[in-house]
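Take a look at the structure set out below.
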Amino acid sequence: MLNTAATVKLSVTQLTDQLLSSYARVGGINHLDGKNLPSKSAIVGIAVDLLRLLFPGFFDDKIIHSSELKVETAILLDSVIGRLEDEIHKSFEYSNAVGNSKQELRKSAHQTTLEFLQQLPCIRDLLQTDAEAAFNGDPAALSKEEVIVAYPFIEAIAVQRLAHQLYLKNVPLIPRIMTEWAHSRTGMDLHPGAKIGSHFFVDHCTGTVVGETCNIGNHVKMYQGVSLIARSLSGGQQLKGVKRHPTIEDHVTVYAGATIMGGDTVVGAGSTIGANVFLTNSVPPRSLVVPDAFQYKVMNKPDRQSQILDFQI
Amino acid sequence: MLNTAATVKLSVTQLTDQLLSSYARVGGINHLDGKNLPSKSAIVGIAVDLLRLLFPGFFDDKIIHSSELKVETAILLDSVIGRLEDEIHKSFEYSNAVGNSKQELRKSAHQTTLEFLQQLPCIRDLLQTDAEAAFNGDPAALSKEEVIVAYPFIEAIAVQRLAHQLYLKNVPLIPRIMTEWAHSRTGMDLHPGAKIGSHFFVDHCTGTVVGETCNIGNHVKMYQGVSLIARSLSGGQQLKGVKRHPTIEDHVTVYAGATIMGGDTVVGAGSTIGANVFLTNSVPPRSLVVPDAFQYKVMNKPDRQSQILDFQI
Amino acid sequence: MLNTAATVKLSVTQLTDQLLSSYARVGGINHLDGKNLPSKSAIVGIAVDLLRLLFPGFFDDKIIHSSELKVETAILLDSVIGRLEDEIHKSFEYSNAVGNSKQELRKSAHQTTLEFLQQLPCIRDLLQTDAEAAFNGDPAALSKEEVIVAYPFIEAIAVQRLAHQLYLKNVPLIPRIMTEWAHSRTGMDLHPGAKIGSHFFVDHCTGTVVGETCNIGNHVKMYQGVSLIARSLSGGQQLKGVKRHPTIEDHVTVYAGATIMGGDTVVGAGSTIGANVFLTNSVPPRSLVVPDAFQYKVMNKPDRQSQILDFQI
Numbered sequence: 013m014l015n016t017a018a019t020v021k022l023s024v025t026q027l028t029d030q031l032l033s034s035y036a037r038v039g040g041i042n043h044l045d046g047k048n049l050p051s052k053s054a055i056v057g058i059a060v061d062l063l064r065l066l067f068p069g070f071f072d073d074k075i076i077h078s079s080e081l082k083v084e085t086a087i088l089l090d091s092v093i094g095r096l097e098d099e100i101h102k103s104f105e106y107s108n109a110v111g112n113s114k115q116e117l118r119k120s121a122h123q124t125t126l127e128f129l130q131q132l133p134c135i136r137d138l139l140q141t142d143a144e145a146a147f148n149g150d151p152a153a154l155s156k157e158e159v160i161v162a163y164p165f166i167e168a169i170a171v172q173r174l175a176h177q178l179y180l181k182n183v184p185l186i187p188r189i190m191t192e193w194a195h196s197r198t199g200m201d202l203h204p205g206a207k208i209g210s211h212f213f214v215d216h217c218t219g220t221v222v223g224e225t226c227n228i229g230n231h232v233k234m235y236q237g238v239s240l241i242a243r244s245l246s247g248g249q250q251l252k253g254v255k256r257h258p259t260i261e262d263h264v265t266v267y268a269g270a271t272i273m274g275g276d277t278v279v280g281a282g283s284t285i286g287a288n289v290f291l292t293n294s295v296p297p298r299s300l301v302v303p304d305a306f307q308y309k310v311m312n313k314p315d316r317q318s319q320i321l322d323f324q325i
Numbered sequence: 013m014l015n016t017a018a019t020v021k022l023s024v025t026q027l028t029d030q031l032l033s034s035y036a037r038v039g040g041i042n043h044l045d046g047k048n049l050p051s052k053s054a055i056v057g058i059a060v061d062l063l064r065l066l067f068p069g070f071f072d073d074k075i076i077h078s079s080e081l082k083v084e085t086a087i088l089l090d091s092v093i094g095r096l097e098d099e100i101h102k103s104f105e106y107s108n109a110v111g112n113s114k115q116e117l118r119k120s121a122h123q124t125t126l127e128f129l130q131q132l133p134c135i136r137d138l139l140q141t142d143a144e145a146a147f148n149g150d151p152a153a154l155s156k157e158e159v160i161v162a163y164p165f166i167e168a169i170a171v172q173r174l175a176h177q178l179y180l181k182n183v184p185l186i187p188r189i190m191t192e193w194a195h196s197r198t199g200m201d202l203h204p205g206a207k208i209g210s211h212f213f214v215d216h217c218t219g220t221v222v223g224e225t226c227n228i229g230n231h232v233k234m235y236q237g238v239s240l241i242a243r244s245l246s247g248g249q250q251l252k253g254v255k256r257h258p259t260i261e262d263h264v265t266v267y268a269g270a271t272i273m274g275g276d277t278v279v280g281a282g283s284t285i286g287a288n289v290f291l292t293n294s295v296p297p298r299s300l301v302v303p304d305a306f307q308y309k310v311m312n313k314p315d316r317q318s319q320i321l322d323f324q325i
Numbered sequence: 013m014l015n016t017a018a019t020v021k022l023s024v025t026q027l028t029d030q031l032l033s034s035y036a037r038v039g040g041i042n043h044l045d046g047k048n049l050p051s052k053s054a055i056v057g058i059a060v061d062l063l064r065l066l067f068p069g070f071f072d073d074k075i076i077h078s079s080e081l082k083v084e085t086a087i088l089l090d091s092v093i094g095r096l097e098d099e100i101h102k103s104f105e106y107s108n109a110v111g112n113s114k115q116e117l118r119k120s121a122h123q124t125t126l127e128f129l130q131q132l133p134c135i136r137d138l139l140q141t142d143a144e145a146a147f148n149g150d151p152a153a154l155s156k157e158e159v160i161v162a163y164p165f166i167e168a169i170a171v172q173r174l175a176h177q178l179y180l181k182n183v184p185l186i187p188r189i190m191t192e193w194a195h196s197r198t199g200m201d202l203h204p205g206a207k208i209g210s211h212f213f214v215d216h217c218t219g220t221v222v223g224e225t226c227n228i229g230n231h232v233k234m235y236q237g238v239s240l241i242a243r244s245l246s247g248g249q250q251l252k253g254v255k256r257h258p259t260i261e262d263h264v265t266v267y268a269g270a271t272i273m274g275g276d277t278v279v280g281a282g283s284t285i286g287a288n289v290f291l292t293n294s295v296p297p298r299s300l301v302v303p304d305a306f307q308y309k310v311m312n313k314p315d316r317q318s319q320i321l322d323f324q325i
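Residue numbers (this note's numbering), protein chains in the order written: chain F, 13 to 325; chain P, 13 to 325; chain L, 13 to 325.
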């Protein structure tokens with residue numbers, strides 16, 4: 013389409029001018045002269061160090077001895093406090109709608125950072141129950157050490173429980189950047205807003221999505237590819253804050269690929285949801301939701317070698 | 013099985029000889045004395061810089077000021093041109109079936125690089141509509157900045173729209189290496205060949221697959237785990253170039269886990285496909301495809317504590 | 013909830029004391045004074061080098077010439093032997109239940125490393141059939157080079173076939189760390205324990221899970237989102253070693269999102285399992301398992317613009 017003789021003469025200057033004209037014309041995907049956004053790479057570094065504080069000795073390259081634990085912990089905490097406060101300060105500057113002064117924002121970032129770090133022991137209490145549920149629930153697990161070192165679930169739930177505390181303190185951007193980092197590594201998307209009880213376990217993780225306003229009880233076990241999602245309504249942004257995702261009560265098991273939808277949907281305690289089920293309304297406690305016996309037909313294929321799948325039959 | 017006493021004596025030399033003998037015997041998975049293949053790490057570096065050019069200020073560690081924008085853009089473009097031309101040149105050398113001279117290949121690589129970079133403003137036009145669709149379609153999105161910085165969708169669609177332009181210019185290997193990089197990071201596999209309209213949005217992304225010959229209209233919204241795929245036919249490589257993947261018309265919504273199959277399958281405009289549906293034939297415009305009411309049975313489990321799932325009932 | 017005036021005064025010392033008290037109180041997720049666990053980053057480095065040995069010339073930044081192949085291979089093998097032996101030694105120390113001496117463990121680690129590396133030619137034989145199956149089975153594949161360089165499947169199956177050999181030699185932790193690394197990069201979770209025949213291919217990979225005691229025949233083709241999993245039984249850890257995952261015989265095709273469950277479930281040779289099917293019992297050879305024609309209802313939506321999905325209808 014383009015005159016090739018002409019195109020080779022295009023210089024960097026011309027390409028630059030075309031892009032600058034696009035920057036001027038197309039808004040919404042530029043971020044110029046703006047407040048400094050929180051840094052993704054800094055937040056990832058902080059998340060890695062928070063995991064080291066939560067699981068001492070597991071994610072360090074060298075052995076941690078009890079005798080050095082106090083010093084090592086203090087050094088790590090000191091480093092995390094400063095870096096986290098900087099990122100929270102940037103996120104508060106970014107969302108500063110009420111015109112707080114620079115000093116007020118800095119003070120607020122400092123306070124939020126300390127309050128957040130005070131939650132670490134409580135987060136550890138919950139994570140200990142998750143590691144227990146993972147080990148007890150998976151015969152393939154050789155040891156609790158294997159679960160913590162190798163299972164993507166532990167990383168995903170630890171990051172979500174951290175991000176959830178920042179979410180509760182109305183820190184913008186950072187919680188989601190944290191959980192999307194874990195999502196990228198584990199394939200599981202746990203929104204920072206979701207309320208998740210104790211003894212949670214998701215085996216394999218990959219493809220599982222838990223939406224912002226989910227409410228998950230204690231002792232819930234799920235598998236890969238489970239979606240706890242909202243109806244797609246034309247309301248869009250007007251639905252912000254409304255409960256849009258399901259409630260899963262205690263001791264529920266949800267098998268691979270099941271989709272449970274809607275803010276009013278409640279899966280009663282002790283229920284089991286079969287694989288690939290699409291559930292859009294509530295079921296009472298102790299329900300077993302399985303495909304009907306007549307859902308599939310099993311036919312004899314005419315030709316053994318053929319892998320042709322003719323769904324027109 | 014092996015004599016352990018003997019094995020410990022095996023030296024590096026012996027292991028090397030065994031491997032060399034395997035390299036000589038088993039073909040197809042060696043690449044020796046061949047043309048230099050495009051470098052994965054170089055292509056990833058180029059993709060990262062192209063994202064910085066598409067979304068100025070969003071993926072840079074420091075603030076970009078309008079006053080420096082021209083200089084910064086020119087420097088980045090200059091760097092990208094040289095590196096991209098080198099990789100395209102390698103890919104043309106690799107696929108050089110008609111015996112073009114080294115000089116012709118280099119000239120062709122140069123021209124293709126410039127023509128590709130001229131498309132960046134058009135790609136930005138489309139990405140602006142995608143970011144808008146993502147923000148409007150997700151009540152969990154706090155701001156457009158959050159969407160661009162944290163949502164895996166933006167990265168996946170930006171890389172696909174870049175790779176699609178290279179695919180249209182018959183650049184081998186590089187488009188797929190680019191989209192597989194995004195696939196690895198986002199869990200979504202958008203083939204460079206797929207035609208995708210404006211205002212596209214895939215929420216959560218993870219597990220979604222869009223095949224090479226898909227044709228997706230404007231204002232299409234999809235969720236995680238959606239598969240737009242081909243029938244698996246015994247034809248294999250003989251089907252290259254044939255339309256094998258579905259057509260999705262404008263304003264269609266496809267829920268989590270739905271699978272839509274086949275090159276003749278057309279989902280009519282304005283339709284909604286429910287979660288986990290397996291659709292193998294066309295549906296007219298404004299269709300609502302949902303599981304039949306009798307698909308599932310909900311039973312009362314005999315024992316609340318038991319998580320045993322007996323599908324033999 | 014907290015007194016904010018007080019919280020800002022909390023010092024690093026106080027936060028440290030809170031965490032130390034949590035470390036003392038909450039067990040199971042600390043690893044202190046313990047044996048040095050195998051290093052994740054070292055294992056990833058070893059896996060990368062093993063891929064270079066399996067596919068010479070494909071994952072190197074420079075061209076490998078036949079004339080240098082012997083020297084390059086010997087250097088790489090020499091480096092891998094030492095590093096792998098160190099990690100296997102750590103894993104044997106970690107699991108040393110019978111009280112073997114340090115010398116015995118070191119000798120055993122050395123021998124296991126050499127025996128494992130002797131398997132590389134056999135692993136290459138299998139991988140060559142996998143690359144062939146991938147190329148033949150996917151019309152979107154431009155060349156075998158593209159398959160090896162860009163397809164996540166090749167990386168995932170290569171790492172599983174390596175890890176499976178370590179699993180057979182009862183090496184703890186390392187096999188799972190290897191496959192979880194590939195899982196994180198490809199979205200596919202192939203357990204090191206699974207027995208997988210020749211000419212295996214999983215298109216797109218993302219979301220597919222193959223459990224520990226699966227038995228997969230030759231010429232099996234699968235897609236993204238397939239789950240070959242265990243029933244979730246209350247037995248938990250007591251089921252270790254029991255066959256809990258399905259058997260897939262030769263020449264079977266399993267479409268996207270299908271879930272096949274249970275240790276007694278056998279999918280007979282030459283069968284095809286449709287997308288999103290949930291199969292919990294055996295099917296005879298040459299079966300075609302598809303959703304029943306009455307599974308879905310297709311309705312006309314009242315309002316074309318509306319994307320409201322009312323499943324209460």
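Even glycine gets a Cβ: it sits at the ideal position worked out from N, Cα and C.
Sequence-distant partners of P:G149 (beyond 5 residues in either direction) whose C-beta falls short of 8 Å from its own C-beta, in its chain, are F213, D215 and K233. Taking all protein chains shown into account, P:D304 has fewer than 16 neighbouring C-beta atoms within 10 Å of its C-beta and is therefore exposed.
Contact with chain L is found for F:T218, since one of that chain's Cβ atoms lies less than 7 Å from the residue's Cβ. For the pair of segments examined, the stretch 89-109 of chain P was found not to touch the stretch 76-85 of chain F: the number of CB pairs separated by less than 8 Å stays below three. For F:T271, the enclosing beta strand (DSSP E) starts and ends at T271 to M273. Assignment of beta-bridge partners to L:F290 by DSSP yields L:T271. Taking a Cβ-Cβ threshold of 8 Å, none of the residues of chain P is close to L:E99; the smallest such distance is about 18 Å. Between the alpha carbons of P:G199 and L:K114 lies a gap of roughly 43 Å. Residues of the stretch 72-89 of chain P with a C-beta less than 7 Å from any C-beta of chain F: D73, I75, I76, H77, S78, L81, K82, T85, A86 and L89, listed in chain order. Under the three-pair Cβ rule at 8 Å, the stretch 227-242 of chain L counts as touching the stretch 252-264 of chain L. Counting other Cβ atoms within 10 Å of its Cβ, P:E116 stays below 16 and is therefore classed as exposed. Put simply, the stretch 86-98 of chain P does not touch the stretch 146-166 of chain P. Fewer than three CB pairs are less than 8 Å apart. Annotation: the continuous beta strand (DSSP E) that includes L:L300 extends over S299 to P303. The beta carbons of P:A268 and P:R256 sit no closer together than 7 Å. Less than 7 Å divides the Cβ of P:L174 from the Cβ of P:L62. Going by DSSP, P:L240 is part of the beta strand (DSSP E) stretching over S239 to I241. Under a criterion of Cβ atoms nearer than 9 Å, no residue of chain P is adjacent to F:Y163; the nearest Cβ is some 17 Å distant. Residue contact with chain F for L:R188: present (Cβ-Cβ distance below 7 Å to some residue of chain F). Nearest neighbour of P:T124 by Cα position, chosen from P:A146, P:A281, P:E99 and P:A170, turns out to be P:E99. Scanning chain P for C-beta atoms nearer than 8 Å to the C-beta of F:P184 yields L154, S155 and E158, reported in chain order. L:P258 is the residue among L:Q250, L:P258 and L:I76 whose C-alpha sits nearest the C-alpha of L:T225.
Within the stretch 187-216 of chain P, S196, R197, T198, G199, D215 and H216 place their CB atoms closer than 9 Å to a CB of chain F, listed in sequence order.
Contact between F:Q236 and F:G219 is confirmed by a C-beta separation of about 5 Å, below the 8 Å threshold. Here L:R298 is buried. Its C-beta has 16 or more other C-beta atoms within 10 Å. Take the alpha-carbon of P:G46 and the one of P:V60: they are about 28 Å apart. The straight-line gap separating the alpha-carbon atoms of L:G205 and F:R37 is approximately 56 Å. Interface flag for L:K252 against chain F is set, since a Cβ pair is found closer than 7 Å.
Here F:Q140 is buried, its C-beta having at least 16 other C-beta atoms within 10 Å. In this structure P:D201 is buried. Its beta-carbon is surrounded by 16 or more other beta-carbon atoms within 10 angstroms. Partner residues in the beta bridge of L:M234, as assigned by DSSP, are L:V214 and L:V266. Annotation for F:A170: L63, L66 and L139 place their beta carbon closer than 7 Å to its own, counting only its chain and skipping 5 residues before and after.
Taking a C-beta distance under 7 Å as the contact criterion, L:V301 and F:V310 qualify as a contact pair. By the neighbour-count definition (other C-beta atoms within 10 Å, threshold 16), P:G282 is a buried residue.
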